[in-house]
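Residue numbers (the working numbering): 21 to 127.
See structure below.
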Amino acid sequence: MVTSQLTVEFTAKCWLYSGKGTWHFVTLPTDCAAQISYFSKALNGGKRTGWGSVKVTAQIGNTVWQTSLFPDSKSKSYVLPIKAAVRSAESIASGKPVKVRVSIPMP
21 MVTSQLTVEF
31 TAKCWLYSGK
41 GTWHFVTLPT
51 DCAAQISYFS
61 KALNGGKRTG
71 WGSVKVTAQI
81 GNTVWQTSLF
91 PDSKSKSYVL
101 PIKAAVRSAE
111 SIASGKPVKV
121 RVSIPMP
């Protein structure tokens, strides 16, 4: 049973990955990333999960979805992938600011 959750809210620019595909992301501010890193380690008994990912519930506008954050060594933060259905539903384009809410359930 989930008794509480860690929730962070921020605004960041959507960006397009320069490699293959059309992956779009937002990079979390480092203060939000520090909170998430601390609590995700506590939840996992100090163990790192696959690729250091953190399972979250994300919300942009009225769209809520389950996804994972992934560590980004370049920014020393996490990146949140924004799938096409979310970008379409919320009219998100690369280079535009996006208001995001990310929650991690806490036991």
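Each residue gets a CB set at the ideal place from its N, CA and C atoms; glycine is no exception.
Just so you know, these numbers come straight off a predicted model, no measurement behind them.
Nearest neighbour of residue i, chosen from the options [CA to CA]
i, options, result
"Met126", "Ser60, Glu29, His44", "Ser60"
"Gly81", "Val120, Ala32, Tyr37", "Val120"
"Gly115", "Gly39, Thr77, Ala105, Ala32", "Ala32"
"Ile56", "Ser38, Phe90, Gly41", "Phe90"
"Thr42", "Ala54, Ser108, Ala104", "Ala104"
Cβ-based neighbour list, residue i, same chain, cut-off 6 Å, excluding 5 preceding and 5 following
i, result
"Asp92", "Val99"
"Lys75", "Ser88"
"Ser24", "Met126"
"Glu110", "Ile80, Gly81, Thr83"
"Leu48", "Ser97, Tyr98"
"Thr27", "Ser123"
"Leu36", "His44, Ser114"
Supposed close pair residue i, residue j - CB separation, criterion 8 Å
i, j, result
"His44", "Cys34", "6 Å"
"Trp71", "Ala78", "Actually they are not in contact, since the Cβ atoms of Trp71 and Ala78 sit about 17 Å apart, beyond 8 Å."
Simplified DSSP state of residue i, which is helix, strand or coil
i, result
"Ile102", "coil"
"Trp35", "strand"
"Ser97", "strand"
"Thr50", "helix"
"Trp85", "strand"
Own chain, CB closer than 8 Å to residue i, minus 5 neighbours either side, in chain order
i, result
"Ser95", "Thr47, Thr50"
7 Å CB neighbourhood of residue i in its chain, flanking five on each side removed
i, result
"Phe30", "Leu48, Pro49, Cys52, Val120"
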